[in-house]
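Engineer:
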Amino acid sequence: MKPICQCVSDRVTGICCSLVVCVCVCVCVCVVSECLSEYVVFVIRPVWQVPVRRLNCIFLVSPADMSLDGQPVKRKKGPAPKMLGNEVCSVCGDKASGFHYNVLSCEGCKGFFRRSVIKSAQYSCKNNGRCEMDMYMRRKCQQCRLRKCREAGMLEQCVLSEEQIRLKKLKKQQEEETARTSTVVTPTPPQEVATLAPEQQEMIEKLVAMQKQCNKRSFIDRPKVTPWPQSQDLQNREVRQQRFAHFTELAIMSVQEIVDFAKQLPGFLELTREDQIALLKTSTIEIMLLETSRRYNPAIESITFLKDFSYNKEDFAKAGLQFEFIDPIFEFSKGMNDLHLDEAEYALLIAINIFSADRPNVQDHDLVERLQQPYVDALRSYIMIKRPNDHLMFPRMLMKLVSLRTLSSVHSEQVFALRLQDKKLPPLLSEIWDVHE
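Residues 1 to 437, numbered by UniProt numbering, are exactly what the sequence shown covers, in order.
#1: Starting from the N-terminal side, write out each stretch of the beta strand (DSSP E) that is 3 residues or longer and does not extend beyond the stretch 267-323.
#2: Is the distance from the Cβ of residue 444 to the Cβ of S356 below 7 Å?
#3: Mapping DSSP to helix, strand and coil, what is L160?
#4: Going by beta carbon distance, what residues of the same chain come within less than 7 Å of S333, once the five residues before and after it are set aside?
#5: Are Y375 and I352 close, meaning C-beta to C-beta below 7 Å?
#6: Can you give me the C-alpha to C-alpha distance between V159 and G320, rounded to a whole angstrom?
#7: Among V91, G129, E175, which has the Cα closest to the Cα of Y136?
#8: Classify F355 as helix, strand or coil using the three-state DSSP reduction.
#9: With three or more C-beta pairs closer than 8 Å as the rule, is the stretch 379-388 touching the stretch 338-345?
#10: Helix, strand or coil: how does DSSP classify S105 here?
#11: With H, G and I counted as helix, E and B as strand and the rest as coil, what does DSSP make of V225?
#12: Put H100 into one of helix, strand or coil per three-state DSSP.
#13: How long is the line joining the alpha carbons of C144 and P227, rounded to whole angstroms?
#14: Reducing DSSP to helix, strand and coil, say where K386 ends up.
#15: Going by the CB atoms, is the gap between C109 and residue 449 shorter than 7 Å?
#16: Of all the options L429, D275, M393, K212, which has the alpha carbon lying nearest to the alpha carbon of T178?
#17: Using the DSSP secondary-structure output, state which residues sit across from V88 in a beta bridge.
#18: Under a Cβ-count criterion, where at least 16 other Cβ atoms within 10 Å of its own Cβ denotes burial, should P266 be classed as buried or exposed?
#19: Taking all protein chains shown into account, decide if T272 is buried (16 or more other Cβ within 10 angstroms of its Cβ) or exposed.
#20: Using the beta-carbon count (16 or more within 10 Å), is F112 buried or exposed?
#21: Taking only three categories from DSSP, how would you classify Q213?
#22: Whole angstroms is fine: what's the gap from H391's alpha carbon to M253's?
#23: Can you give me the Cβ contacts of V255 inside the same chain, cut-off strictly under 8 Å, excluding the 5 residues immediately before and after it?
#24: Helix or strand or just coil, what does DSSP make of G129?
#25: Residue range of the alpha helix (DSSP H) that A152 falls in?
#26: When the Cα of P388 is compared with those of T195, A96, N312, which residue comes out closest?
#27: Using alpha carbons as the reference points, say which of G129, K400, E202 lies closest to P328.
#28: Report the three-state DSSP secondary structure of residue 438 (helix, strand or coil).
#29: Whose C-beta lies closer than 7 Å to the C-beta of N102 among residues of the same chain, with five residues either side of it excluded?
#30: Does the beta-carbon distance from L279 to R359 come in below 7 Å?
#31: For P229, which option in V259, Q373, Q242 has the closest C-alpha, if you only look at C-alpha atoms?
#32: Kindly indicate which residue of A197, K95, S403 has the alpha-carbon position closest to the one of M384.
#33: DSSP three-state label for K119, please.
#34: Excluding the 5 residues preceding and the 5 following S120 in the sequence, name in chain order all residues of the same chain whose CB lies nearer than 7 Å to its CB.
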């Protein structure tokens, strides 16, 4: 059986006769030889022992590689596929150095594509985008070079952002620390117990209290939400509009909660107004999805808002959302539910998510990183105390933030689909999600 991408449930994409590659959010899976049935994993994003679920940064494995509980089992390492030596870059025709971002390409085009994606670069072409790309023109026209990269199949989601590189380093440090503690036996006091620093304890208590206060305001506004129609008529235009209005009004309340919470975070108001807006615009949907996941009820596979409103997948679809967006939401929510996080861990994850310095249009990256670090440190300390025997829980939680980036891009596609259906978003949502009518 050929492997299927467990991230997006998509089929693998063939690169050459002896190499089958699925490029998704996190890994490439290479089948060296079908007769050997041996899978070799090339990690291009940090991967930890995360349950195999869609959009969750996971190993892509065949059924034989799975244990009964859905966890990837330990596999044998194999050699990386060898190139013949005469391969050429799919973008410019120079000598290829390997597969980069899903495409056989040279080091120059690999670096150019990475820089362009990270900087969200905008180029212009003097020839109206009609340049033929080769080793000479690649230096002359950046717009056509970037276009050719995309046409050749380079995927932006395969490029590691600065934040993801930082998470990768954190993962490596965590692995090294785990290896040291497991191989080196050092005498420790028999009753030594880890504790939070007083300022960390105070920070966590304030975060939880702030969240509860913001949620309380939304609960007060609950009667203002358009009622969910009782009619089951799927063809009635008025009923469909009422369902859509119901969901968008819940979304507006959630956005207002997030904005209120962010403004109370120490240091947030120290940022320029432009950086505040940049952080909120890109983090809002991810925080909404985090909040959605904590309201997931696995027993009935539904999500509950404001205590009284519970919805299953079919309810989301009736409101006009597509299953391509609904399914990942429920898969992510189920994965988060499996971690059994408490209020403090959710609050810290949300604060870390808000202060992500690699967001588009953020100017003062250093300040944002400094503001984020205390929350990262507090989460690490809190987990060490609460889960002393689970050394992978901290990187596993941070990995969920990477999964949210992918869900965010799926959300952008959903918003575009809603526009095609002539479903107009309220002004606040249009502004926060950069929807231009």
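C-beta: ideal position from N, C-alpha, C; glycine also.
Structural biologist: With the structure as the only source:
#1: 302-305, 309-311
#2: Because the chain here runs from 1 to 437, residue 444 falls outside it and cannot be looked at.
#3: coil
#4: T292, S293, Y296, I303
#5: yes
#6: 32 Å
#7: V91
#8: coil
#9: yes
#10: strand
#11: coil
#12: strand
#13: 51 Å
#14: helix
#15: Only positions 1 to 437 of the chain appear in this structure, which leaves residue 449 out of reach.
#16: M393
#17: K95
#18: exposed
#19: exposed
#20: buried
#21: helix
#22: 37 Å
#23: T284, M288, L428, L429, I432
#24: coil
#25: 142-152
#26: T195
#27: K400
#28: In the structure displayed, the chain extends from 1 to 437; residue 438 sits before or after that span and is not available.
#29: V23, G153, M154, L155, C158
#30: yes
#31: Q242
#32: A197
#33: coil
#34: P360
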